[in-house]
């Protein structure tokens with residue numbers, strides 16, 4: 004649990020939304036979760052700060068999402084990159100035309116092909132980089148030349164595990180200092196990788212830029228908007244006596260994340276592990292049973308095969 008507040012733009016998302024020309028007269032369909040996570044409140048706070056109306060849609064019940072967005076006339080989407088496609092595809096299936104023209108996304112990788120698909124539908128999509136502890140860290144502008152660091156934080160790029168700054172342009176772990184009076188954080192290690200970009204953005208904003216999210220300093224990986232950690236895989240292995248080893252493989256199918264759980268076992272029934280996978284990893288995935296000793300001994304517990312450029 005962390006301190007927080009509901010005061011005006013406490014997480015500083017307003018600057019990101021303003022960069023996407025979101026403001027008074029816009030109706031934001033906020034599909035970030037409000038359930039035991041601050042993401043929904045974080046983006047609602049930012050939307051209210053720029054004068055937009057907010058539909059607290061959350062996630063799930065896709066048909067109802069489509070109906071609500073259509074009835075209300077929502078013209079801005081906020082949420083994870085993938086879920087907008089789920090809504091748009093469902094709308095196509097239902098024969099419903101939606102009014103989205105802009106999308107402010109976070110909580111997962113925005114792949115170039117997905118951004119282009121949205122643009123082909125008339126939706127300008129930009130992403131930001133934020134955490135629940137810090138709020139907004141950096142955000143894209145119309146220049147699409149990296150992410151401009153939010154003026155409310157101090158960002159460093161360091162060698163993972165050392166705290167020593169890396170040379171300009173070199174990839175390292177993102178450390179963030181926030182002097183928020185309610186919740187000050189000094190050199191908070193995000194576990195994320197990025198790099199500084201030289202010069203200033205062509206959009207005219209003068210603060211330093213980062214390349215954006217470039218992976219994790221450890222093997223923790225975000226799949227379908229949720230973090231999957233090596234210790235969770237260890238818990239899965241220990242939960243079944245007939246599991247020798249396991250590995251998570253993250254891939255893409257079309258524009259959606261896919262999680263495959265490879266399990267070394269003599270058991271021939273993949274369904275025997277489904278409930279444990281959902282309970283421990285908090286995600287559904289494809290179960291692939293392999294013979295004991297067949298997984299590579301390369302130190303990887305979570306393997307990310309998705310392409311980010």
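Residue numbers (this note's numbering): 4 to 312.
Beta carbons: idealized from backbone N, C-alpha and C, even for Gly.
Give me the Cβ distance between residue i and residue j, rounded to the nearest whole Å; I'm assuming they're in contact under 8 Å.
i	j	result
residue 283	residue 242	7 Å
residue 45	residue 133	7 Å
residue 188	residue 136	6 Å
residue 34	residue 61	7 Å
residue 286	residue 231	7 Å
residue 198	residue 211	Not confirmed; about 11 Å, so no contact.
Tell me which residues share the same chain as residue i and place their Cβ nearer than 6 Å to its Cβ, disregarding the 5 neighbours each side in the sequence.
i	result
residue 175	160, 161, 162 and 169
residue 110	83 and 228
residue 118	128
residue 270	245
residue 138	14 and 15
residue 42	35 and 36
residue 99	69 and 73
residue 155	15
residue 289	263
residue 254	261 and 308
residue 295	247 and 267
residue 157	180
Based on the DSSP secondary-structure assignment, which residues constitute the bridge partners of residue i?
i	result
residue 248	267
residue 3	The requested residue 3 does not occur in the structure, where the chain is confined to residues 4 to 312.
residue 32	58 and 80
residue 1	What the structure shows of the chain is the stretch from 4 to 312, and residue 1 is not part of that stretch, so it cannot be assessed.
residue 88	Residue 88 pairs with nothing; no bridge assigned.
residue 287	DSSP output for residue 287 lists no bridge partner at all.
residue 255	260
residue 37	Paired residue(s): none; residue 37 is not in a bridge.
residue 181	156 and 188
residue 162	Answer by DSSP bridge pairing: none, since residue 162 is not bridged.
residue 197	175
residue 229	226
residue 139	133
residue 213	150 and 199
residue 219	195
residue 307	253
residue 168	161
Would you kindly check if the distance between the Cβ of residue j and the Cβ of residue i is under 8 Å?
i	j	result
residue 234	residue 265	no
residue 262	residue 85	no
residue 93	residue 65	yes
residue 274	residue 206	no
residue 71	residue 30	no
residue 38	residue 79	no
residue 308	residue 267	no
residue 201	residue 171	yes
residue 7	residue 185	yes
Closer than 8 Å by C-beta to residue i: which residues in its own chain qualify, once you throw out the five before and the five after it? Chain order, please.
i	result
residue 190	159, 166, 178, 179 and 180
residue 142	18, 19, 22, 129, 130, 131, 132, 150, 151 and 153
residue 303	222 and 250
residue 126	80, 87, 103, 104, 105 and 106
residue 148	200, 204, 205, 206 and 212
residue 58	30, 31, 32, 33, 71, 72, 75 and 77
residue 209	203
residue 9	44 and 48
residue 281	287
Shorter than 7 Å, the distance from the beta carbon of residue i to the closest heavy atom of the ligand MN, or not?
i	result
residue 45	Looking at this structure, you won't find the ligand MN or any other ligand, since it has none at all.
Once the 5 residues before and after residue i are set aside, which same chain residues still bring their CB inside 7 Å of it?
i	result
residue 192	176 and 178
residue 279	239, 242 and 243
residue 225	111
residue 5	136 and 186
residue 252	263, 265, 306 and 308
residue 11	52
residue 276	243, 266 and 290
Original post:
Would you say the stretch 21-39 touches the stretch 103-122, given that touching needs at least three Cβ pairs under 8 Å?
Top reply: Segment contact: the stretch 21-39 against the stretch 103-122, three or more CB-CB distances shorter than 8 Å; contact assigned.
**OP:** Flag this pair as touching only if the stretch 239-254 and the stretch 209-220 have three or more C-beta atom pairs under 8 Å; answer yes or no.
**Re:** As far as the Cβ criterion goes, the stretch 239-254 does not touch the stretch 209-220, which means the pair count is below three.
Original post:
Counting pairs of beta carbons, one from the stretch 49-57 and one from the stretch 7-19, are three or more of them closer than 8 Å?
Top reply: Contact between the stretch 49-57 and the stretch 7-19 is present, because at least three Cβ pairs lie under 8 Å.
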